[in-house]
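Just below is one structure, and these are the notes that go with it.
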Ligand code: ZN
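Numbering (my numbering), first residue to last: 29 to 392.
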């Protein structure tokens, strides 16, 4: 099945090569406006005829300020030496106080175009994709990875937006979801086929493109899984009573998740805390709020345990941003993964709003 499909792009490329050589069709721009190599001669066209793939860059750290950038341009690996301004990322804090405005969304799953559209129509970024949210905090509640075909581009977009937000006195929080941990752990069941091809061309396994020796890999390892901003908790799946019973602080939880990434399978399996955190009752997989496995009283008790008023989660897909338990819980996975549209949750001074795909704000 996969093998049959993988032959289709070859046929398409052979046809388009013939057509472009005949001068019938000429287009040097990719969809996102990136200028590709023009004037490809017959020889180049033949070499690149086994793939149309564009991906990267994946930057491999050589020393503190030096790296090798590997990109795939029209199916060919392009390597260059690059200077790096940052290779040691500070571990993200867990608690944030005094934040005036917060926006949250999740489960982007490689759909950069929809993600950008939602941010744009809700004035979080401007028409040139630059930060417009001032001193506000944008929380991405996990799952940039898997399913879609713009994962790398989304990661670099967030990487850049994070810097812009910081310069403006704001903040981007990229929290890790189950799909980040799956990929880092080598569970590649949900990656877009394109990324198998990328890894093959680079002669590596897909998780190696995000190892601790890469810029994106190191950056991701600095991220948190749970944060608390003012009195609101943010986490990908949710917090269960079983998690509360583990008696971990939020900071300890973040640290354990970070440690879990690079341990061997044996080390993982002999650690009960790792196993509990990755279980269906753990913070990155829990769906209890949506199958009503838990009462409002129990949700209140969990919130009290962490001295919080609300919890914002992703992971369980909805057609729009919805609330549960009379506004104690908000779920911000508005199915951006379908590649059509999405929403963003705003919260300001204890009030919550749905930021719709057309930019309209509706208060809960
Ligand atoms: Zn998820």
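Just so it is clear, CB atoms sit at the ideal spot from N, CA and C, and this is done for glycine as well.
Relative to residue 148, the option among 392, 387, 189 whose CA is nearest is 387. In this structure, DSSP gives residue 382 an extended state, which the three-state scheme calls strand. Annotation note: the stretch 273-352 contains the following uninterrupted alpha helix (DSSP H) runs of length 4 or greater, listed N- to C-terminal: 278-289, 293-297, 300-305, 324-333. Taken in chain order, the unbroken stretches of beta strand (DSSP E) that lie wholly in the stretch 174-212 and span 3 residues or more are 199-203. Scanning the stretch 231-276 from its first residue to its last, the whole beta strand (DSSP E) runs of 3-plus residues come out as 254-257, 260-263. In the structure shown, residue 221 adopts helical secondary structure according to DSSP, grouped into three states.
Sequence-distant partners of residue 127 (beyond 5 residues in either direction) whose C-beta falls short of 7 Å from its own C-beta, in its chain, are 165, 257, 258. Three or more pairs of CB atoms, one per stretch, sit closer than 8 Å, so the stretch 289-309 contacts the stretch 264-275. As a beta-bridge residue in DSSP terms, residue 88 pairs with 96, 242. Distance from the CA of residue 382 to the CA of residue 284, rounded to the nearest whole angstrom, comes to 33 Å.
Residues lining the ligand ZN by the Cβ criterion, that is a Cβ closer than 5 Å to any of its heavy atoms, are 171, 205, 206, 343 in chain order. A residue is called buried once 16 or more other Cβ atoms fall within 10 Å of its Cβ, and residue 391, having fewer, is exposed.
A straight line joining the alpha-carbon of residue 168 with that of residue 263 spans about 9 Å. Here residue 80 carries a coil assignment [DSSP, helix/strand/coil].
The DSSP-derived three-state label of residue 107 is strand. DSSP places residue 357 in the uninterrupted beta strand (DSSP E) bounded by 357-359.
Looking at the DSSP output, residue 365 bridges to nothing.
Nearest neighbour of residue 171 by Cα position, chosen from 162, 251, 129, turns out to be 251. Per the C-alpha coordinates, the member of 336, 160, 222 positioned closest to residue 278 is 336.
Looking at the DSSP output, residue 374 bridges to 131, 381.
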